[in-house]
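One structure below.
Numbering (my numbering), first residue to last: 61 to 185.
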């Protein structure tokens, strides 16, 4: 994300004196509410939903979520790029490609599966 985008978000709020309302609690609530609005795009849609019919609304709600998340980072002094890098590294450890490839098991289930395979192979840990 460019510094210009961060500046535009900050300026938008400052020009309206909205920073006073952007506490971590209220930003977290706003993220959740916007995520619920995103979910509404898919409610009762069935598996064959044509995303393109709702793409504009999906895009708007996704932007709202990202903007509020970036504001949360700003308020808390968090570097969004750093936390994303860190989270990807954590997920790479939790979900090694050779174990997670092609399935949606949670990392705890992958660990159990891996432990069972090690036990079967005689590599008790």
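C-beta: ideal position from N, C-alpha, C; glycine also.
Three-state secondary structure (DSSP) of residue 101: coil
Where residue 99 falls, given that 16 or more other Cβ within 10 Å makes a residue buried: exposed
Status (buried if at least 16 other CB within 10 Å, exposed otherwise) for residue 131: buried
Proximity of residue 156 and residue 170 at Cβ, strictly below 9 Å: yes
Inter-stretch contact (C-beta, 8 Å, three-pair minimum) for the segment 148 to 165 and the segment 66 to 76: no
Limits of the alpha helix (DSSP H) - the one that residue 140 falls within: 140 to 154
Reference residue 94; option with closest CA among 107, 176 and 126: 126
Closest residue to residue 167 among 154, 85 and 158 (Cα-Cα distance): 154
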